[in-house]
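Asker: The structure's right below; bear with me while I get my questions together.
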Amino acid sequence: MSDRNDGPDASHRRPGGVSDTTVEALGALSKALETTERARGHLYAFHQLTGGADFELDRAVALLREAGHRDWAGRVQEEILGRNVIPGHWTFQIVESYNDTYYEPFKALEKKARQELAEGKDHLYEAELKEARRTSGHPHHTARPDASE
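Numbered continuously in the working numbering, the sequence shown closes out at residue 149.
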């Protein structure tokens with residue numbers, strides 16, 4: 001068996017009395033939150049891309065006017081430029097609603113679950129998976145970042 005210096009650091013060691021199923025459940029909860037983090041990133045990309053497209057419309061309107069197509073320039077400016085992406089909402093409002101309604105409560109709940117069920121320790125499932133899969137003593141399979149490779 002490896003000594004206590006050749007395994008996960010203290011912040012990634014399972015507290016006493018925490019079952020395999022609890023570790024797995026917290027891992028699943030964490031994975032779901034990580035997926036939500038990715039979705040949130042896509043939402044911010046949507047927000048920024050839509051905003052960028054709206055600013056590009058300024059150029060389109062100016063070029064249409066320059067080319068003598070004042071009616072088309074007016075239509076683009078009146079019908080699309082600055083338009084809500086869904087009724088009553090620009091993308092920043094969607095981002096804010098998502099954060100307030102879903103993301104922040106999810107993040108807080110996941111943290112509270114870790115605090116109550118595993119002394120606040122994060123990534124226990126992954127830390128134990130790493131221990132099970134690495135080759136102890138191999139220079140490229142060190143348990144911690146502070147071990148030399």
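C-beta: ideal position from N, C-alpha, C; glycine also.
Keep in mind the model is a prediction, meaning the values are calculated, not measured.
Bridge partners of residue 94, per DSSP?
Answerer: Taking the sequence shown and counting its residues from 1, one reaches residue 94 at position 94. Paired residues: none, contrary to the question.
Asker: Going by beta-carbon coordinates alone, are residue 155 and residue 125 separated by less than 8 Å?
Answerer: Here the chain has residues from 1 to 149 only, and residue 155 is not among them.
Asker: Pop quiz: residue 11 and residue 121 are said to be a contact at Cβ under 8 Å. What is the actual Cβ separation, rounded to whole angstroms?
Answerer: Residue mapping note: residue 11 aligns to position 11 of the sequence shown, counting from 1. Residue mapping note: residue 121 aligns to position 121 of the sequence shown, counting from 1. The pair is a contact, with the Cβ atoms about 6 Å apart (cut-off 8 Å).
Asker: Taking the C-alpha atoms as reference points, what is the distance between residue 116 and residue 56?
Answerer: Along the sequence shown, one-based indexing puts residue 116 at 116. Along the sequence shown, one-based indexing puts residue 56 at 56. Rounded to the nearest angstrom, the two C-alpha atoms are 50 Å apart.
Asker: With distances taken from CA atoms, which of 51, 26, 7 is nearest residue 119?
Answerer: Within the sequence shown, numbered from 1, the residue matching residue 119 stands at position 119. Closest option to residue 119, Cα to Cα, is 26.
Asker: Of the residues 6, 87, 73, which one's Cα is nearest the Cα of residue 61?
Answerer: Here residue 61 refers to the residue found at position 61 when the sequence shown is read from its first residue. Looking at the Cα atoms, 73 is the closest of the given residues.
Asker: Just mark residue 141 as buried or exposed, buried being the case when its beta carbon has 16 or more other beta carbons within 10 Å.
Answerer: Start at 1 with the first residue of the sequence shown, and residue 141 comes out as number 141. Its Cβ having fewer than 16 others within 10 Å, residue 141 is exposed.
Asker: With hydrogens ignored, establish whether the beta-carbon of residue 39 is closer than 7 Å to any heavy atom of the ligand FAD.
Answerer: Ligands in the displayed structure: none, and consequently the ligand FAD is not present.
Asker: Just checking, does the segment 36–43 make contact with the segment 94–104 on the three C-beta pairs under 8 Å criterion?
Answerer: The answer is yes - the segment 94–104 touches the segment 36–43, with three or more Cβ pairs under 8 Å.
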